[in-house]
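Data first, discussion second: the structure below is written as structure tokens.
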Amino acid sequence: MNIQISQEELNRVVQIAQKAVSPRGLLPVLTGILFKAANGVLDLYATDLEISIRCTLPATVIREGETVIPARLLGEIVKNLPAGNIEIVSDDKSGNIKILSRNAVFDIRSYSPSDFPKFPNITGHSGVKINGRVFSDVVKHVIKAVSKDETRPVLSGVLMTIEKGHLKMVATDSYRLSIKDVAVEGLSVNQSSAIIPGRCLDEVSKAVSDKDVEIILEPNLVYFDLGDTVIISRLIEGQFPNYQQLLPSDCDLRVKFSRHELIASLRRVALLAQNTSLVKMKIGNNEVEISAMSQDLGSAIERLMAKTDGEGMEIAFNSNYLLDGLQSIGEDEINIELNSPLKPGLVRPAQDQGFIYLVMPVRIG
Numbered sequence: 008m009n010i011q012i013s014q015e016e017l018n019r020v021v022q023i024a025q026k027a028v029s030p031r032g033l034l035p036v037l038t039g040i041l042f043k044a045a046n047g048v049l050d051l052y053a054t055d056l057e058i059s060i061r062c063t064l065p066a067t068v069i070r071e072g073e074t075v076i077p078a079r080l081l082g083e084i085v086k087n088l089p090a091g092n093i094e095i096v097s098d099d100k101s102g103n104i105k106i107l108s109r110n111a112v113f114d115i116r117s118y119s120p121s122d123f124p125k126f127p128n129i130t131g132h133s134g135v136k137i138n139g140r141v142f143s144d145v146v147k148h149v150i151k152a153v154s155k156d157e158t159r160p161v162l163s164g165v166l167m168t169i170e171k172g173h174l175k176m177v178a179t180d181s182y183r184l185s186i187k188d189v190a191v192e193g194l195s196v197n198q199s200s201a202i203i204p205g206r207c208l209d210e211v212s213k214a215v216s217d218k219d220v221e222i223i224l225e226p227n228l229v230y231f232d233l234g235d236t237v238i239i240s241r242l243i244e245g246q247f248p249n250y251q252q253l254l255p256s257d258c259d260l261r262v263k264f265s266r267h268e269l270i271a272s273l274r275r276v277a278l279l280a281q282n283t284s285l286v287k288m289k290i291g292n293n294e295v296e297i298s299a300m301s302q303d304l305g306s307a308i309e310r311l312m313a314k315t316d317g318e319g320m321e322i323a324f325n326s327n328y329l330l331d332g333l334q335s336i337g338e339d340e341i342n343i344e345l346n347s348p349l350k351p352g353l354v355r356p357a358q359d360q361g362f363i364y365l366v367m368p369v370r371i372g
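What the sequence shown shows, in the numbering used here, is residues 8 to 372, in sequence order.
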């Protein structure tokens, strides 16, 4: 293989492909990126056997061929090369590849492409198309509620439902629940749903542009076609929790805040709750007192003006969980709806009825 390619473009796609590389793969070849060069096109493939990524870009192909280059080393080399064209040449006899740029030459080991897993074929399949920015926005609303606990695989994923005119995503780690439902013009399919690894959706949301994303759901796989990038993931098996039963039908106390003021106040007060992240909210008549205390550090109290509707209440939350929900909202006016110090609080924008964030309180003495 012998190719010439722009350093800027190669660096861009290598950074994307690296997201699917296994840092400590059972097979050494999985720590590399497969390069395939033919007909003026360079394809890059990476997989950890759970998520697979293919990136395609034009290149000057002097000699067709394929090789697997160690991903981590490749990424560092390409990132630090000067702008301009670089040349990559593979030596079939030695098994090495050379990366040449101006006065620099890197001669590094490669892996055999015959050992690299085959990439799933999606030829002939068709799916639904959604604007990339819209899709990314939905993911960003729910991704922080995805669980990092690997002992409960279902909670490490996002329940994605596609139906006529709507895209909905739901995530929960059992401490908070995030739901985002958005209307999508031209979406005319029968209802389909799947539990998709949160890590996969996070990578898709970072790689999208203003162009459409084509989503293809198969029995065990999901495909995201972004044009020059395809991201494929295994689906998570199992039953997603019945989240609908957690949603309160009404509330005893509704508090209307300025989102920016509440975020700023929580951040300040939480400085005194470094070990527990616990903050208390004492809600009275159009005023909320936010406080935190640490035996080692001291205490903090801050009062905020707010519009209250209902009987006063004292409730405590994990400040990090509350901040995650608030930071997912785009508008400034938000409502927090409460029923009891022991029941979840519901956070939602005042205008956008398509987003709900439910957060469990912390029991206080």
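All C-beta atoms in this analysis are idealised placements derived from N, C-alpha and C, irrespective of residue type, glycine included. Since the structure is predicted, the reported quantities are computational estimates derived from the model, not experimental observations.
Check                                                                                                                                                                                        : Outcome
Rounded to whole angstroms, what is the Cα-Cα separation between V354 and L254?                                                                                                              : 11 Å
For the beta strand (DSSP E) that contains V229, what are its first and last residues?                                                                                                       : L228 to D232
Please report the distance separating the alpha-carbon of K175 from that of D339.                                                                                                            : 23 Å
CA-CA distance, I371 and A323?                                                                                                                                                               : 7 Å
Could you pull out every residue in the same chain whose Cβ sits closer than 8 Å to the Cβ of E198, ignoring the five residues on either side in sequence?                                   : What sits at residue 198 in the sequence shown is Gln, not Glu. These residues qualify, in order along the chain: T168, I169, E170 and K171.
So within the stretch 48-96, which uninterrupted alpha helix (DSSP H) runs reach at least 4 residues, ignoring any that extend past its ends?                                                : 78-87
On the three-state DSSP scale, how would you describe E16?                                                                                                                                   : helix
When you compare the CB positions of S117 and I104, do they come within less than 8 Å of one another, or not?                                                                                : yes
Considering only the beta carbon of each residue, do G91 and Q14 sit closer than 8 Å?                                                                                                        : yes
Within the same chain, show all residues whose beta-carbon is closer than 6 Å to that of S240, passing over the 5 residues directly before and after it, in chain order.                     : I58, P204, C207 and V229
Among K151, E192 and V262, which residue has its Cα nearest to the Cα of D180?                                                                                                               : K151
Keeping to the same chain, check which residues put their C-beta closer than 6 Å to that of S335; ignore five residues upstream and five downstream.                                         : H148
Measure the C-alpha to C-alpha separation of I69 and M8 and round it to an integer number of angstroms.                                                                                      : 8 Å
Taking 8 Å as the threshold, find out whether the stretch 300-314 comes into contact with the stretch 266-286 through three or more Cβ pairs.                                                : yes
Quick one: is R61 buried, meaning 16 or more other Cβ sit within 10 Å of its Cβ, or exposed?                                                                                                 : buried
Is the Cβ-Cβ distance between L333 and L269 less than 8 Å?                                                                                                                                   : yes
When burial is assigned at 16 or more other CB atoms within 10 Å of the CB, is R79 buried or exposed?                                                                                        : exposed
Using the Cβ count rule (16 or more neighbours within 10 Å means buried), how would you classify R183?                                                                                       : buried
Start and end of the alpha helix (DSSP H) containing E268?                                                                                                                                   : R266 to V276
Given S301, which residues of its chain have a CB within under 7 Å of its CB, disregarding the five upstream and five downstream residues?                                                   : L279, A280, Q281 and N282
Please report the Cβ distance between S200 and V146, rounded to the nearest whole angstrom; I am assuming they are in contact, meaning their Cβ atoms lie under 8 Å.                         : With a Cβ gap of about 16 Å, S200 and V146 do not count as contacting.
Under a three-way DSSP split, which group does L33 fall into?                                                                                                                                : coil
For the putative contact between Y250 and V366, defined by C-beta atoms under 8 Å, what is the C-beta separation to the nearest angstrom?                                                    : No, Y250 and V366 are not in contact; Cβ-Cβ is about 13 Å, not under 8 Å.
Excluding sequence positions up to five away, which residues of its chain have a Cβ less than 6 Å from the Cβ of A24?                                                                        : I40, L51, A53, I60 and C62
Within 10 angstroms of its Cβ, does T74 collect 16 or more other Cβ (buried), or is it exposed?                                                                                              : buried
Where in the stretch 245-326 do unbroken runs of the alpha helix (DSSP H), each at least 4 residues long, occur, reported from the N-terminal end onward?                                    : 266-276
Starting from the C-beta of L345, find all residues in its chain whose C-beta is less than 7 Å away, skip the five residues before and the five after it, and write them out in chain order. : C258, D259, L260, M320, I322 and G352
Beta-carbon within less than 6 Å of D232's beta-carbon, same chain only, minus the 5 sequence neighbours each way: which residues are those?                                                 : E221
Can you name the residues that DSSP bridges to L333?                                                                                                                                         : In the DSSP output, where bridge partners are listed per residue, L333 has none listed.
In the DSSP assignment, find the unbroken alpha helix (DSSP H) run with K213 in it and report its ends.                                                                                      : G205 to A214
Excluding five sequence neighbours on each side, which residues of the same chain lie with their C-beta closer than 8 Å to the C-beta of G102?                                               : R116, S117 and S119
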